[in-house]
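Numbering (our numbering), first residue to last: 360 to 469.
Backbone N, C-alpha and C fix where the C-beta goes; we use that ideal spot for every residue, glycine too.
Since the model is a prediction, treat every value here as computed from it, not as a measurement.
Read through the structure below, which is laid out as structure tokens, and then see the notes.
What follows is the structure, given as structure tokens:
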């Protein structure tokens, strides 16, 4: 409960999954708030975790550096590079789709 109190004091909305069974309901007000937050935001958890999982699979899960500050900067750089990679893939897909539609249009006109 101390962790939930600290999170609530810092102004962050609680969204921690709370165990609830058929016979035992949530009674503490912080746990009730946390359950409501989980019902509201919990469904987005897999999206965030899949994003970081994809980045770790594509670019590695750890960096061999001695300083934590350098590791943080390297992590941000890798994340930026991954986002640029996704943009290139997206624009390539859009361009290819446009060319296919354009050629089909020319084929239908001729």
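Apart from the five residues just before and just after residue 396, which ones in its own chain have a Cβ nearer than 8 Å to its Cβ?
Same-chain partners within the cutoff: 372, 373, 374 and 375.
Report the rounded CA-to-CA distance for residue 456 versus residue 438, giving the unit in angstroms.
Roughly 27 Å between the two C-alpha positions.
Is it buried or exposed for residue 425, if we count other Cβ within 10 angstroms and need 16 for buried?
Counting Cβ neighbours within 10 Å, residue 425 comes out exposed, since fewer than 16 surround it.
Roughly how many angstroms lie between the CA atoms of residue 423 and residue 409, to the nearest whole one?
Distance between the alpha carbons of residue 423 and residue 409: 24 Å.
Tell me whether residue 394 is buried or exposed, calling it buried when 16 or more other Cβ atoms sit within 10 Å of its Cβ.
So residue 394 ends up on the buried side.
What is the rounded straight-line gap between the Cα of residue 381 and the Cα of residue 391?
Whole-angstrom Cα-Cα distance: 16 Å.
Suppose the cutoff is 6 Å on Cβ atoms and the five residues either side in sequence are ignored; what does the same chain contact list for residue 430 look like?
For residue 430, the CB contacts under 6 Å within the same chain, skipping 5 residues up- and downstream, are 422 and 424 in chain order.
If you compare alpha carbons, which of 461, 385 and 389 is closest to residue 361?
Nearest C-alpha to residue 361: 389.
Which of the three DSSP states is assigned to residue 392 in this structure?
Reduced to three states, the DSSP call for residue 392 is helix.
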